[in-house]
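When we follow the working numbering, the leftmost residue of the sequence shown carries the number 1, and every step to the right adds one. Positions of the beta carbon are idealized from the N, C-alpha and C atoms, including for glycine. Since we're looking at a predicted model, the values are computed, not measured. A short worksheet on the structure shown next.
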Amino acid sequence: MLKKRIIGCLIVRDGIVVQSINFRSYLPVGRPKIAVEYLNRWSIDEIAVLDITAGRNGDGPNVRLVKEVSDRCFVPLTAGGGIRSLRHVEMLIQGGADKISVNTAALETPELITEVANAFGSQSVIVSIDAVSDGRGGHRVWSFRERRALDATPVEHARRAEGRGAGEILLNSVDRDGSKAGYDIGLVGELASKVGIPVIALGGAGHPRHFAEVFQKTAAAAAAAANYFHFTEHSVITTKSFLERDGLGVRLDGEVNYQDSGFARTGRIRKKDDLVLDELRFVPVEPDEL
């Protein structure tokens, strides 16, 4: 059985990693290469660098950024933002990306999905879908460029992308973005059951149990998070240890893990008893004999 993947997303705006809230508010976090370095140390399975300002002036993806972070990335790296052509994809792959993520291009020039799949293989193509509630219990695809909901549903768009050769779907809930309220289980569950390619859930993670819920209640192959990983030390390995405790198979082969630790209601590692800490702090030293 394939292990579930935990993916760290870096949302980059004007060269800085930001915290995104409902696709409207952006708070600075730090430099991309530092964020990549920390995610690597914390045993993340994959990293996606999504540059939301790349290509806004018609200049294509930020290849320099990808080259910079790939030097410090030792897990599969996905690059997204500003991709409009096969040449752009070639530049990103040559710059160190293992996969590319297309969002606007998948809507406006869907034939690019097939071109990339034919050139580099379906496994290298992730179609990113931003989904927003339609207010009637369903969802519509959200256009980041046009700032509006489109007529297509996420399932319809995902099926078309799969038919054109996409290898994975990155499904992002606009309504849950930055909410810390958990993944949109209904949205993820419906889409994951209607396509034959892996689905990555994104949007809403704020506690290790949110990752457990999306894996237990849907067929999602991976869960991604952005804001969640930036503000809690060892958040990746803590989350993986939580999932392992719940019987969910994840890659847990880093130097540190918390499999034998308890978890507080906040999802953080519970403080050890004072007696245990005293034993760790005070180690008897036998006097030397002369």
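For residue i: DSSP bridge partner residues
| i | result |
| --- | --- |
| Cys-9 | Ala-48 |
| Leu-248 | DSSP output for Leu-248 lists no bridge partner at all. |
| Val-132 | Arg-140 |
| Arg-148 | Ser-143 |
| Tyr-26 | Ser-20 |
| Arg-55 | Inspection of the sequence shows that residue 55 is occupied by Gly rather than by Arg. Beta-bridge pairing links Gly-55 to no other residue. |
| Glu-289 | Partner(s): none; Glu-289 has no beta bridge. |
| Lys-4 | Val-250 |
| Asn-227 | DSSP, once it has assigned bridges, lists no residue as partnering Asn-227. |
| Gly-80 | Leu-50 and Ser-101 |
Contact under 8 Å by Cβ, residue i with residue j
| i | j | result |
| --- | --- | --- |
| Thr-339 | Asp-14 | With the chain running from 1 to 290 in the structure shown, residue 339 is simply not present. |
| Arg-251 | Lys-99 | no |
| Ala-152 | Leu-171 | no |
| Arg-140 | Ala-149 | yes |
| Leu-243 | Phe-211 | yes |
| Phe-229 | Gly-8 | yes |
| Cys-73 | Val-36 | yes |
| Gly-96 | Val-66 | yes |
| Glu-190 | Val-236 | no |
| Gly-178 | Ser-20 | yes |
| Val-63 | Pro-32 | no |
| Ala-226 | Leu-39 | no |
| Val-174 | Asn-22 | yes |
| His-107 | Ser-143 | Looking at the sequence provided, one finds Leu at residue 107 rather than His. Cβ distance < 8 Å, so Leu-107 and Ser-143 count as in contact. |
Nearest-angstrom Cβ-Cβ length linking residue i and residue j, presumed shorter than 8 Å
| i | j | result |
| --- | --- | --- |
| Gln-123 | Gly-167 | 5 Å |
| Lys-180 | Gly-204 | 7 Å |
| Ala-219 | Ser-241 | Not quite, the Cβ-Cβ distance comes to about 23 Å (not below 8 Å), so this is no contact. |
| Ala-222 | Arg-24 | About 26 Å; that fails the 8 Å criterion. |
| Pro-61 | Ile-83 | 5 Å |
| Pro-198 | Thr-238 | Wrong, their Cβ atoms sit about 24 Å apart, outside the cutoff. |
Residue environment, residue i, which counts as buried when at least 16 other CB atoms sit within 10 Å
| i | result |
| --- | --- |
| Ala-119 | exposed |
| Asp-71 | exposed |
| Ser-101 | buried |
| Gly-206 | buried |
| Ile-34 | exposed |
| Asp-253 | exposed |
| Leu-50 | buried |
| Arg-176 | buried |
| Asp-130 | buried |
| Glu-68 | buried |
| Asp-184 | buried |
| Asn-57 | exposed |
| Leu-27 | exposed |
| Gly-55 | buried |
| Pro-287 | exposed |
Determine contact between the stretch 34–47 and the stretch 112–120, defined as no fewer than three beta-carbon pairs at a distance below 8 Å.
-> No contact exists between the stretch 34–47 and the stretch 112–120.
Check whether the stretch 207–221 touches the stretch 147–164, counting contact only when three or more Cβ pairs, one atom from each stretch, lie closer than 8 Å.
-> Taking 8 Å as the limit for Cβ pairs, the verdict is that the stretch 147–164 does not touch the stretch 207–221.
How about the stretch 83–100 and the stretch 134–142: do they share at least three Cβ pairs that are nearer than 8 Å?
-> Flag = no, the stretch 83–100 and the stretch 134–142 do not touch.
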